[in-house]
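Residue numbers (my numbering): 18 to 245. Here is the structure we will look at.
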Amino acid sequence: MPPTSPALSVIVPALDEADAITATLLALAPARARGAEIIVADGGSTDATVALATPLADLVITSPRGRARQMNAGAAVASGAVLLFLHADTEVSPAFDTAIHDAVAGGARWGRFDVRIAGQHPMLPVIAAGMNLRSRLTGMATGDQGLFVQRALFESVGAYANLPLMEDLALSKTLRAHAPAACLRERLVTSGRRWEQRGVWRTILLMWRLRWAWWRGADPAVLAERYR
Numbered sequence: 018m019p020p021t022s023p024a025l026s027v028i029v030p031a032l033d034e035a036d037a038i039t040a041t042l043l044a045l046a047p048a049r050a051r052g053a054e055i056i057v058a059d060g061g062s063t064d065a066t067v068a069l070a071t072p073l074a075d076l077v078i079t080s081p082r083g084r085a086r087q088m089n090a091g092a093a094v095a096s097g098a099v100l101l102f103l104h105a106d107t108e109v110s111p112a113f114d115t116a117i118h119d120a121v122a123g124g125a126r127w128g129r130f131d132v133r134i135a136g137q138h139p140m141l142p143v144i145a146a147g148m149n150l151r152s153r154l155t156g157m158a159t160g161d162q163g164l165f166v167q168r169a170l171f172e173s174v175g176a177y178a179n180l181p182l183m184e185d186l187a188l189s190k191t192l193r194a195h196a197p198a199a200c201l202r203e204r205l206v207t208s209g210r211r212w213e214q215r216g217v218w219r220t221i222l223l224m225w226r227l228r229w230a231w232w233r234g235a236d237p238a239v240l241a242e243r244y245r
């Protein structure tokens, strides 16, 4: 495949992620050297996110704020046949691109990784194990798990719905109707800051309540306000 058309494009939505973006992009550097395209979709950061990301990415674009909007904007300029959507505070494993390649070559149309949550609280490994098991049983993926999808399938389902919350679950639900998720055991490492800053048990209960409300048809805008 020619260099101008990489097999894999990694899209990282970011907003005021100066503390995390460098580590995230440095972890992607070996795959970038192997031909992966790295795109940062910034939602209007007021810190040093853009300056830090620019030398470590192929493209840094600005889009309207909102993770779904930012990821769609990144996908719109991506060149890869496969897209990986990666949170700005999540670091890939060294062979993540090989794992995606092998999964797609084996027939997978979309999927996600297992995840480990970085942090000090003893409940974080339990939370990660629960996330991985739940995802494997339901065929759904959260953004923390690094959702990858063949570009043709992503475009055919209309990309991410413009939702302020639960956009990852909404896309998973749509993709699941077309093909089963490839649940890769290769682990990403995502930040546990959300749980540790807000309180682990409080965050667990909040997320379960929000997901339950979403499944019952609650307005994502209302859920986003509750999340904030």
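Quick reminder that beta carbons are idealized off the backbone N, C-alpha and C, glycines included. Quick caveat, the model's predicted, so the values are computed rather than measured.
Residues of its chain near residue i, where Cβ-Cβ distance is below 8 Å and the 5 sequence neighbours each way are ignored
i           : result
residue 217 : 138, 140, 141, 144
residue 196 : 125, 126, 127, 170
CA nearest to the CA of residue i, picked from the options
i           : options            : result
residue 133 : 162, 124, 116, 151 : 162
residue 208 : 176, 193, 160      : 160
residue 63  : 219, 79, 52, 75    : 79
residue 186 : 157, 174, 75, 52   : 157
Through-space distance from residue j to residue i, alpha-carbon basis
i           : j           : result
residue 105 : residue 50  : 20 Å
residue 67  : residue 123 : 36 Å
residue 210 : residue 36  : 12 Å
residue 111 : residue 30  : 21 Å
residue 113 : residue 58  : 21 Å
residue 32  : residue 38  : 10 Å
residue 191 : residue 82  : 23 Å
residue 127 : residue 147 : 21 Å
residue 109 : residue 44  : 6 Å
residue 40  : residue 47  : 13 Å
residue 61  : residue 193 : 32 Å
residue 214 : residue 98  : 38 Å
Exposure label - residue i; buried when at least 16 CB within 10 Å
i           : result
residue 184 : buried
residue 225 : exposed
residue 19  : At residue 19, the pLDDT of 37 sits below 50, so the modelled position is not reliable; the number obtained from the coordinates is stated separately. So residue 19 counts as exposed.
residue 42  : buried
residue 169 : exposed
residue 181 : buried
residue 70  : buried
residue 136 : buried
Cβ shell of residue i (< 6 Å), same chain only, five flanking positions each side left out
i           : result
residue 34  : 66, 105
residue 131 : 149, 202, 204
residue 73  : 42
residue 177 : 85, 88, 89, 184, 188
residue 164 : 102, 129, 158
Own chain residues within Cβ distance below 7 Å of residue i, not counting five before or after
i           : result
residue 171 : 92, 100
residue 120 : 128, 199, 201
Heavy atom of the ligand ZN within 8 Å of residue i beta-carbon
i          : result
residue 48 : Ligands are entirely absent from the displayed structure, and the ligand ZN is therefore not among its contents.
State whether the segment 74-94 contacts the segment 143-159, with contact taken as three or more CB pairs (one from each stretch) at a distance under 8 Å.
-> no
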